[in-house]
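J.: My questions will all concern the structure given below.
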Amino acid sequence: MPEHAVKILLIEDNSAEARLLREVLGTTEPMQFSIVHVQHLREGLKQLAAESFDIILLDLTLPDSAGLESLSTLVPCAPTVPIVVLTNTNDEQLALEALRQGAQDYLVKRLVNMERLGRSLHYAIERKQISLALLKANEELAETNARLKEEIREREKVQAELERSNQELEQFAYIASHDLKQPLSSISSWAQMLAMRSRGNLDEKADQCINYILDGTGRMQQLIEDLLTYSRAGRMTESFEATSCEQLVKEAMASLENAISQSEARITCDRLPTVMADPVQLEQLFQNLLDNALKYCQHRTPQIHISAMLQPAPSSDSKSQAKNGDRSADGPDESEWVFSVMDNGIGINREHFDRIFMIFQRLHRRDEYPGTGIGLATCQKIVEYHGGRIWVESEVGCGSTFYFTLPAQRSESNSEKQ
Ligand code: ADP
């Protein structure tokens with residue numbers, strides 16, 4: 071309710087009834103009313119244009135307008151002001167129609183007493199304020215909704231654009247590395263030939279230059295190989311099949327046979343499940359992780375342990391939280407296998423846990439540990455392509471454990487679930 075006296079616009083052609091009303095409203099303590107009285111609808115409209123009112127009391131029989139017509143003229147001109155119809159006609163149907171057309175109340179003059187009138191005005195003002203507030207809230211909601219929809223559309227557009235440019239980039243990386251391979255291998259062969267033929271015939275400086283060329287081409291070949299593997303990883307393939315992870319680990323170890331025997335590494339492995347996967351890519355994943363575990367061990371004898379554990383998968387909302395090993399997921403969706411590859415190597419500082427999965431990000435100089443900085447980025451691509459997540463837990467000097475997940479509903483052999 072307004073704190074000041076309630077300002078009423080009374081539209082009533084009968085002066086005697088207007089006077090009576092003034093008197094009645096003058097005695098409705100503690101409410102205070104101030105009344106502006108007009109006898110014609112057009113005068114009422116003029117008043118509304120000139121000043122603001124808290125409420126309108128409207129008689130339905132006016133010299134210049136009759137019945138509900140007055141209401142339908144008035145409502146659009148004063149959409150925020152509550153209107154109470156005060157009339158001699160006791161007609162239920164008319165009353166209902168008046169309310170439908172926007173009146174807050176319909177009072178019959180001879181049936182209304184002082185108390186009822188005061189209360190009706192009071193309630194009419196409250197109701198109008200509430201319905202206006204609701205209307206405003208609704209409008210705001212609709213605006214927010216439209217804005218959100220627009221934002222979603224924008225994001226989807228950006229996402230589609232990003233995916234397209236990523237695909238182009240990958241395509242480019244693939245073609246570029248593929249096409250670079252041939253000329254590079256030719257440079258390398260000729261440089262080797264030159265080295266064989268001229269060794270001892272040229273001065274020491276020239277031999278050194280040839281060695282630099284051989285070293286450079288070797289590095290570039292490795293880089294191109296790794297880039298090709300990276301751009302192939304996660305490519306759409308139809309070849310998801312039941313894949314024994316135990317078998318894949320064996321094959322990955324066979325590929326790393328030299329490094330394993332030279333370092334006298336001890337590799338142990340728990341029972342691993344069979345999953346639905348692209349076996350070529352999954353072997354690449356195990357091979358990259360094992361390769362790193364063998365490489366980043368400084369002078370210690372590498373001790374590596376591989377295991378897998380079945381556990382409830384976090385709900386899709388909390389997958390991003392769970393990425394960094396935060397397992398406080400708020401509700402299991404399905405099951406997933408969590409694989410781990412644990413080593414006793416040099417470890418990784420916590421601040422680099424995310425960075426090492428980005429392409430070309432290395433924590434060491436090449437003369438300390440050889441590498442191209444593509445291996446873990448490839449691992450991440452492979453894992454995500456299979457619907458999983460990858461992360462690391464480590465402490466400098468105390469070894470590292472790389473974890474990755476694979477959805478277990480793709481698992482073929484339930485008997486292997488632990
Ligand atoms: P690369 O081994 O060719 O440098 P990766 O992408 O495989 O590239 O690894 C990125 C970086 O992460 C490595 O340079 C190394 O610093 C760090 N890293 C990877 N695996 C391990 C590990 N098992 N122990 C310690 N550091 C590691």
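Going left to right, the sequence shown walks through residues 71 to 488 as the numbering used here numbers them. C-beta: ideal position from N, C-alpha, C; glycine also.
(1) Between which residues of its own chain and G469 is the CB-CB distance below 7 Å, once the five residues before and five after are set aside?
(2) Once you ignore the five residues that flank L95 on each side, which residues in its own chain have a CB closer than 6 Å to its CB?
(3) With which residues is I374 paired in a DSSP beta bridge?
(4) Using beta-carbon positions only, say whether A168 and V155 come within less than 9 Å of one another.
(5) Within its chain, find whatever has a CB closer than 8 Å to the CB of G458; leave out the 5 residues flanking it on each side and keep chain order.
(6) Does L188 pass the burial test, meaning 16 or more other C-beta atoms within 10 Å, or should it be called exposed?
(7) Which same chain residues, not among the five before or five after D277, have their C-beta less than 7 Å away from its C-beta?
(8) Hey, would you say P372 sits closer than 9 Å to A335, going by beta carbons?
(9) By the three-class DSSP mapping on this structure, what secondary structure does T442 have?
(10) Locate the beta strand (DSSP E) running through Y366, then write down its first and last residues.
(11) Excluding five sequence neighbours on each side, which residues of the same chain lie with their C-beta closer than 7 Å to the C-beta of L359?
(12) In chain order, what residues of the same chain have a beta carbon less than 8 Å from the beta carbon of L492, not counting five sequence neighbours either side?
(13) Taking 8 Å as the line, does the beta carbon of I418 fall inside it for any heavy atom of the ligand ADP?
(14) So, with DSSP's three-state summary, where would you put T159?
(15) Kindly identify the DSSP beta-bridge partner or partners of E463.
(16) Short of 8 Å in beta carbon distance, which residues of its chain neighbour L138, apart from the five on each side in sequence? Order them along the chain.
(17) Report the start-end ranges of each alpha helix (DSSP H) in the segment 278 to 348 that is 4 residues or longer and not cut off at the edges.
(18) So F242 is in the alpha helix (DSSP H); what residue range does that whole segment cover?
(19) Name the two residues that bound the continuous alpha helix (DSSP H) containing S85.
(20) Can you tell which of L91, L446 and A75 has the C-alpha that lies nearest to the C-alpha of E82?
(21) Just curious, the alpha helix (DSSP H) that L141 is in, first and last residue?
(22) What is the rounded straight-line gap between the Cα of P349 and the Cα of Y455?
(23) I need the straight-line Cα distance from L293 to R435, nearest angstrom please.
(24) With the cut-off set at 9 Å, would you say I426 and Q351 are in Cβ contact?
(25) Are S122 and V151 close, meaning C-beta to C-beta below 9 Å?
(26) Mapping DSSP to helix, strand and coil, what is V350?
(27) What residue from E209, R302 and Q368 has the CA that sits closest to F242's CA?
(28) What residues in its chain sit with their C-beta under 6 Å from that of H107, if we drop five residues either side in the sequence?
(29) Quick one: does the C-beta of R432 sit closer than 8 Å to a heavy atom of the ligand ADP?
(30) Could you compute how far the alpha carbon of R234 sits from the alpha carbon of G445?
(31) For my contact list, L111 and D134 are in at a C-beta cut-off of 8 Å; report their separation, rounded to the angstrom.
(32) Let me confirm a value: A447 is counted as buried when at least 16 other C-beta atoms fall within 10 Å, else exposed. Which label applies?
(33) Taking only three categories from DSSP, how would you classify Q107?
(34) For T338, collect the residues of the same chain with a Cβ closer than 6 Å to its Cβ; drop the 5 residues on either side in sequence, then sort them by chain order.
(35) Measure the alpha-carbon distance for L250 versus Q368 and round it to whole angstroms.
(36) According to DSSP, is L166 helix, strand or coil?
T.: In short, the structure shows the following:
(1) Reading the sequence shown from its first residue, position 399 is the one you call residue 469. The answer, listed in chain order, is M412, D413, N414, G415 and G417.
(2) Reading the sequence shown from its first residue, position 25 is the one you call residue 95. Cβ within range, chain order: F103.
(3) Stepping through the sequence shown from its first residue, residue 374 is reached at position 304. According to DSSP, residue pairing for I374 in a beta bridge involves I337.
(4) Along the sequence shown, read from residue 1 onward, the residue named residue 168 stands at position 98. Along the sequence shown, read from residue 1 onward, the residue named residue 155 stands at position 85. Yes.
(5) Position 388 of the sequence shown, counting from 1, holds the residue named residue 458. Cβ contact annotation for G458 (same chain, cutoff 8 Å, sequence separation greater than five): E406, F474, T475, L476 and P477, in chain order.
(6) Within the sequence shown, residue 188 is the residue found at index 118, counting from 1. Here the sequence assigns Gly to residue 188, which means Leu is not the residue at that position. The C-beta of G188 has 16 or more other C-beta atoms within 10 Å across all chains shown, which makes the residue buried.
(7) Looking up residue 277 in the sequence shown gives position 207. So the list reads R269, once near-sequence residues are dropped.
(8) Residue numbering aside, residue 372 sits at position 302 when the sequence shown is read from its first letter. Residue numbering aside, residue 335 sits at position 265 when the sequence shown is read from its first letter. Closer than 9 Å, so yes.
(9) Residue mapping note: residue 442 aligns to position 372 of the sequence shown, counting from 1. Here T442 sits in coil by DSSP.
(10) Working through the sequence shown from its first residue, we reach residue 366 at position 296. For Y366, no beta strand (DSSP E) encloses it, and the DSSP letter there is neither H nor E.
(11) Numbered from its first residue, the sequence shown carries residue 359 at position 289. When the five nearest sequence neighbours on each side are left out, the beta carbons in the same chain lying within less than 7 Å of the beta carbon of L359 are those of V411, C449 and F472, in order along the chain.
(12) Outside the displayed range of the chain (71 to 488) lies residue 492, so it cannot be described from this structure.
(13) To locate residue 418, count along the sequence shown from 1; it is residue 348. The beta carbon of I418 sits closer than 8 Å to at least one heavy atom of the ligand ADP.
(14) For the purposes of this step, residue 159 is taken as the residue at position 89 of the sequence shown. Per DSSP, reduced to three states, the secondary structure at T159 is coil, with no helix or strand assignment.
(15) By 1-based counting over the sequence shown, the position of residue 463 is 393. DSSP, once it has assigned bridges, lists T471 as partnering E463.
(16) For the purposes of this step, residue 138 is identified with residue 68 of the sequence shown, where counting begins at 1. Cβ neighbours of L138 beyond the five flanking positions: L130, L164, E167, A168 and Q171.
(17) Qualifying alpha helix (DSSP H) stretches, in chain order: 315 to 325 and 327 to 333.
(18) As a working note, residue 242 is residue 172 in the sequence shown. M184 to S268 is the extent of the alpha helix (DSSP H) around F242.
(19) On the sequence shown, residue 85 is found 15 positions in, with the first residue counted as 1. Unbroken alpha helix (DSSP H) run through S85: S85 to G96.
(20) Residue numbering aside, residue 82 sits at position 12 when the sequence shown is read from its first letter. Of the listed residues, the one whose Cα sits closest to E82 is L91.
(21) Here the question's residue 141 lines up with position 71 in the sequence shown. Segment L138 to C147, the alpha helix (DSSP H) holding L141.
(22) Sequence index remark: in the sequence shown, residue 349 carries index 279 (1-based). Sequence index remark: in the sequence shown, residue 455 carries index 385 (1-based). So the alpha carbons of these two residues sit roughly 13 Å apart.
(23) Translated into the one-based positions of the sequence shown, residue 293 becomes position 223. Translated into the one-based positions of the sequence shown, residue 435 becomes position 365. Spanning the alpha carbons of L293 and R435 requires a straight line of approximately 15 Å.
(24) Within the sequence shown, numbered from 1, the residue matching residue 426 stands at position 356. Within the sequence shown, numbered from 1, the residue matching residue 351 stands at position 281. No. Outside cutoff.
(25) Along the sequence shown, read from residue 1 onward, the residue named residue 122 stands at position 52. Along the sequence shown, read from residue 1 onward, the residue named residue 151 stands at position 81. Closer than 9 Å, so yes.
(26) Here residue 350 refers to the residue found at position 280 when the sequence shown is read from its first residue. Looking at V350 - three-state DSSP - the assignment turns out to be helix.
(27) Locating residue 242 in the sequence shown gives position 172, where the first residue counts as 1. Nearest C-alpha to F242: R302.
(28) On the sequence shown, residue 107 is found 37 positions in, with the first residue counted as 1. Beyond the five residues adjoining it in sequence on each side, H107 comes within less than 6 Å, by CB distance, of L80 and A88 in the same chain, given in chain order.
(29) To locate residue 432, count along the sequence shown from 1; it is residue 362. Relative to the ligand ADP, the nearest heavy atom lies less than 8 Å away from the CB of R432.
(30) Translated into positions along the sequence shown, residue 234 becomes position 164. Translated into positions along the sequence shown, residue 445 becomes position 375. In this structure, the alpha-carbon of R234 lies about 24 Å from that of G445.
(31) For this step, residue 111 is matched to residue 41 along the sequence shown. For this step, residue 134 is matched to residue 64 along the sequence shown. Separation of the CB atoms of L111 and D134 is rounded to 5 Å, and the pair is thereby assigned contact status at 8 Å.
(32) Stepping through the sequence shown from its first residue, residue 447 is reached at position 377. When all chains shown are included, A447 counts as buried.
(33) Numbered from 1 along the sequence shown, position 37 holds the residue referred to as residue 107. What sits at residue 107 in the sequence shown is His, not Gln. The three-state reading of DSSP puts H107 in strand, counting E and B together.
(34) Your numbering for residue 338 matches position 268 in the sequence shown. H375.
(35) Counting from 1 along the sequence shown, the entry for residue 250 is found at position 180. Counting from 1 along the sequence shown, the entry for residue 368 is found at position 298. When rounded, the distance between both Cα atoms is 34 Å.
(36) Counted from its first residue, the sequence shown places residue 166 at position 96. Shown here, L166 sits in a helix according to DSSP, grouped into three states.
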